[in-house]
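Here's the structure we're looking at; comments come further down.
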Amino acid sequence: MHEKSLSHGLWADTAPPAPKLTPIEGEHSTDVAVIGGGYTGLSAALHLAKAGRDTILLEAEDIGYGGAGRNVGLVNAGLWLMPEELLRLAGPDYGEKLLAVLGDSPDLVYQLISEYEIECEALRNGTLHCADSKSGLKALRQREAQWQHRGAPVSLLDRDETAARTGSRCFLGALMDKRAGTIQPLSYAYGLARAALKHGARLFRNSPVTGHEKGRDGYRLITPQGTVKAKAVIIAVHAYPGFAFQSIKKSMIWMNFFQFATPPLDGEASESVLPGHQGSWDTNLILSSYRRDAAGRLIVGSIGTVNGFAYGLHEAWVKRTIAKTFPQVGEVPLEYGWYGTFAMNGNHIPRFHVLDENMVMVTSYNGRGIGPGTVFGKLLAEYIMGGSAENIPLPILKPETIKTRLFWELFYETGARMYHFIQRRF
Ligand SMILES: Cc1cc2nc3c(=O)[nH]c(=O)nc-3n(C[C@H](O)[C@H](O)[C@H](O)COP(=O)(O)OP(=O)(O)OC[C@H]3O[C@@H](n4cnc5c(N)ncnc54)[C@H](O)[C@@H]3O)c2cc1C
Numbered sequence: 303m304h305e306k307s308l309s310h311g312l313w314a315d316t317a318p319p320a321p322k323l324t325p326i327e328g329e330h331s332t333d334v335a336v337i338g339g340g341y342t343g344l345s346a347a348l349h350l351a352k353a354g355r356d357t358i359l360l361e362a363e364d365i366g367y368g369g370a371g372r373n374v375g376l377v378n379a380g381l382w383l384m385p386e387e388l389l390r391l392a393g394p395d396y397g398e399k400l401l402a403v404l405g406d407s408p409d410l411v412y413q414l415i416s417e418y419e420i421e422c423e424a425l426r427n428g429t430l431h432c433a434d435s436k437s438g439l440k441a442l443r444q445r446e447a448q449w450q451h452r453g454a455p456v457s458l459l460d461r462d463e464t465a466a467r468t469g470s471r472c473f474l475g476a477l478m479d480k481r482a483g484t485i486q487p488l489s490y491a492y493g494l495a496r497a498a499l500k501h502g503a504r505l506f507r508n509s510p511v512t513g514h515e516k517g518r519d520g521y522r523l524i525t526p527q528g529t530v531k532a533k534a535v536i537i538a539v540h541a542y543p544g545f546a547f548q549s550i551k552k553s554m555i556w557m558n559f560f561q562f563a564t565p566p567l568d569g570e571a572s573e574s575v576l577p578g579h580q581g582s583w584d585t586n587l588i589l590s591s592y593r594r595d596a597a598g599r600l601i602v603g604s605i606g607t608v609n610g611f612a613y614g615l616h617e618a619w620v621k622r623t624i625a626k627t628f629p630q631v632g633e634v635p636l637e638y639g640w641y642g643t644f645a646m647n648g649n650h651i652p653r654f655h656v657l658d659e660n661m662v663m664v665t666s667y668n669g670r671g672i673g674p675g676t677v678f679g680k681l682l683a684e685y686i687m688g689g690s691a692e693n694i695p696l697p698i699l700k701p702e703t704i705k706t707r708l709f710w711e712l713f714y715e716t717g718a719r720m721y722h723f724i725q726r727r728f
């Protein structure tokens, strides 16, 4: 299997051509250097360049190489945590600010898509969080009450309405969130890159930052073929710090998520499976995601990698899942299978690090990075341009090693394999 098909799968085939970029060569200087070409880095570069700051973005591989080019494409509002849990963990001050900023984060995503005419299969028709158990339904009721209390347009659908919206009788209900929607994730990353280029940012691919030094006037970033002197640096490497920043790894728990896509559905299946093309996922701990793409494919995802023998194991689970959840689809081949990694932490709240006076990062979006990455990229750009840290709805924390990270990584990876091996066999 070709590496690219395992990493970016369907999205690599249906995205427009990538922006034409070259590796950085020689010595450069700039106001702000951004490290990483995912949503956080691209949004930061776009907003810096738009505000007139000279900006260089260095991407180790290609634009969207990390989670940005591999994810499910659910543009969610808020975090995984329920509002009250977030307030309890983050405290009322940061909690309220985070709820407001991330609850509105889809607005910024869709505003940029519209402003820069980004072609990314964008739909803002709500998402469906589906209850696959009584306890899941109870949790969705709480979620509904807590968000409705804050005036958010969310509502719990009953079993029949859920069946009509999903095309499946397997769910007890679903929470419809009208703030949310779906995109083609890699196309969105390419669109952000084009917008940043349009405003004069200089973007480079195949330019991994392998080290950095502090000088009198700022920082010097080192790549294999060139260097960049910058007054300020935004680090946006998230769960793909393949070169420098290895120490940051230890402050995150890495979680893998795979997806498989069918060919475009036709006939009755096409009309009944997620007929409104809402992105959806279930309430299970080893959660499953379901969505359609613009061509009408059904894309099913869950936790785990699809490396080596795990490919066949998870592929077989996806086939059984389709047969049980959407029997009207019948037997279909799976044309694409791919996976990616995202960063989690202990309390599911992103972290803001000021690593040095003018070197900052926000990380650990816990699997929800389209809205948060876009928003935090903008907020980091504003902070670096002289804004107050108070505008970032997170406390400044030191990166701390999560001692149990290897345990949790193994727990989720092997747990998902065992679960998928057993589930829906009988
Ligand atoms: C399979 C999967 C499904 C997901 N589903 C969803 C979803 O449906 N909705 C949602 O909101 N979120 C989802 N996420 C999470 C989301 O994709 C991430 O949170 C988001 O991509 C984070 O954006 P980012 O820009 O911070 O990091 P990334 O997109 O991971 O980008 C980091 C970039 O930094 C580059 N880099 C690393 N080290 C260096 C270096 N030394 N020098 C230069 N460049 C470097 C990498 O190559 C990479 O391109 C999912 C993630 C995965 C993996």
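Heads up: the sequence shown begins at 303 in the working numbering, then just goes up one per residue. Cβ coordinates follow ideal geometry from the N, Cα and C atoms, glycine included.
{"Asked": "Touch test, the region 397 to 410 against the region 368 to 387, Cβ-Cβ under 8 Å, three pairs minimum", "Found": "yes"}
{"Asked": "Alpha carbon of THR676 to alpha carbon of SER345, nearest angstrom", "Found": "5 Å"}
{"Asked": "Residue span of the alpha helix (DSSP H) that contains TRP583, given as start and end", "Found": "It is not in any alpha helix (DSSP H) - TRP583 instead sits in the beta strand (DSSP E) that spans 581 to 584."}
{"Asked": "Euclidean distance between Cα positions of VAL575 and GLY469", "Found": "4 Å"}
{"Asked": "Inter-residue Cα distance where the pair is GLY569 and GLN630", "Found": "10 Å"}
{"Asked": "Which of helix, strand or coil DSSP assigns to THR676", "Found": "helix"}
{"Asked": "Local conformation of LEU474 per DSSP, three classes", "Found": "coil"}
{"Asked": "Where the beta strand (DSSP E) containing ASP658 begins and where it ends", "Found": "653 to 658"}
{"Asked": "Residue environment, LEU488, which counts as buried when at least 16 other CB atoms sit within 10 Å", "Found": "buried"}
{"Asked": "Cβ pair ARG726, THR623 closer than 8 Å", "Found": "yes"}
{"Asked": "Whole runs of the beta strand (DSSP E) within the region 462 to 524, excluding any shorter than 3 residues", "Found": "475 to 479, 504 to 506, 513 to 517 and 520 to 524"}
{"Asked": "Residue from THR627, GLU711, ALA718 and TRP710 whose Cα sits closest to the Cα of ALA433", "Found": "THR627"}
{"Asked": "Alpha carbon of TYR367 to alpha carbon of TRP640, nearest angstrom", "Found": "13 Å"}
{"Asked": "For HIS616, the three-state DSSP class (helix, strand or coil)", "Found": "helix"}
{"Asked": "CB-CB length for PHE644 against MET557, believed under 8 Å", "Found": "6 Å"}
{"Asked": "Assigned exposure category for ARG452 - 16 Cβ within 10 Å defines buried", "Found": "exposed"}
{"Asked": "TRP640 - containing beta strand (DSSP E), residue span", "Found": "638 to 646"}
{"Asked": "GLY642 Cβ short of 7 Å to ligand 1 heavy atom set", "Found": "yes"}
{"Asked": "Span of the beta strand (DSSP E) around LYS532", "Found": "Looking at the sequence shown, residue 532 is not Lys but Ala. Looking at the DSSP string, the run of the beta strand (DSSP E) that includes ALA532 is 528 to 537."}
{"Asked": "Simplified DSSP assignment, three categories, for HIS330", "Found": "strand"}
{"Asked": "Beta-carbon proximity of GLU711 to ILE555, cut-off 8 Å", "Found": "yes"}
{"Asked": "Buried versus exposed, by CB contacts within 10 Å (16 or more), ARG496", "Found": "buried"}
{"Asked": "Straight-line Cα distance separating ALA402 from MET303", "Found": "Confidence in MET303 is poor, its pLDDT being 44 and thus under 50, which makes the residue's placement too unreliable to answer from."}
{"Asked": "Cα-Cα separation between LYS322 and ALA347, rounded to whole angstroms", "Found": "17 Å"}
{"Asked": "DSSP beta-bridge partners of VAL662", "Found": "ILE536 and VAL656"}
{"Asked": "Bounding residues of the alpha helix (DSSP H) (the contiguous stretch that carries GLY717)", "Found": "707 to 724"}
{"Asked": "Length of the line joining the Cα atoms of VAL511 and MET384", "Found": "37 Å"}
{"Asked": "Contact between the region 694 to 710 and the region 427 to 442 (3+ Cβ pairs under 8 Å)", "Found": "no"}
{"Asked": "Short Cβ contact (8 Å threshold) for ASP333 with LYS533", "Found": "yes"}
{"Asked": "Residue environment, PRO652, which counts as buried when at least 16 other CB atoms sit within 10 Å", "Found": "buried"}
{"Asked": "Buried or exposed by the 16-neighbour rule on C-beta atoms within 10 Å, applied to LYS440", "Found": "exposed"}
{"Asked": "Nearest to GLU327 (by Cα), restricted to the options ALA538, ILE358 and TYR714", "Found": "ILE358"}
{"Asked": "Of the residues TYR396, CYS422, PRO697 and LYS480, the one placed nearest ALA454, counting alpha carbons only", "Found": "LYS480"}
{"Asked": "8 Å CB neighbourhood of ASP460 in its chain, flanking five on each side removed", "Found": "GLY475"}
{"Asked": "Distance cut-off 7 Å: HIS650 Cβ against heavy atoms of ligand 1", "Found": "no"}
{"Asked": "Endpoints, beta strand (DSSP E) assigned at ARG445", "Found": "That residue, ARG445, is in no beta strand (DSSP E); its alpha helix (DSSP H) goes 436 to 451."}
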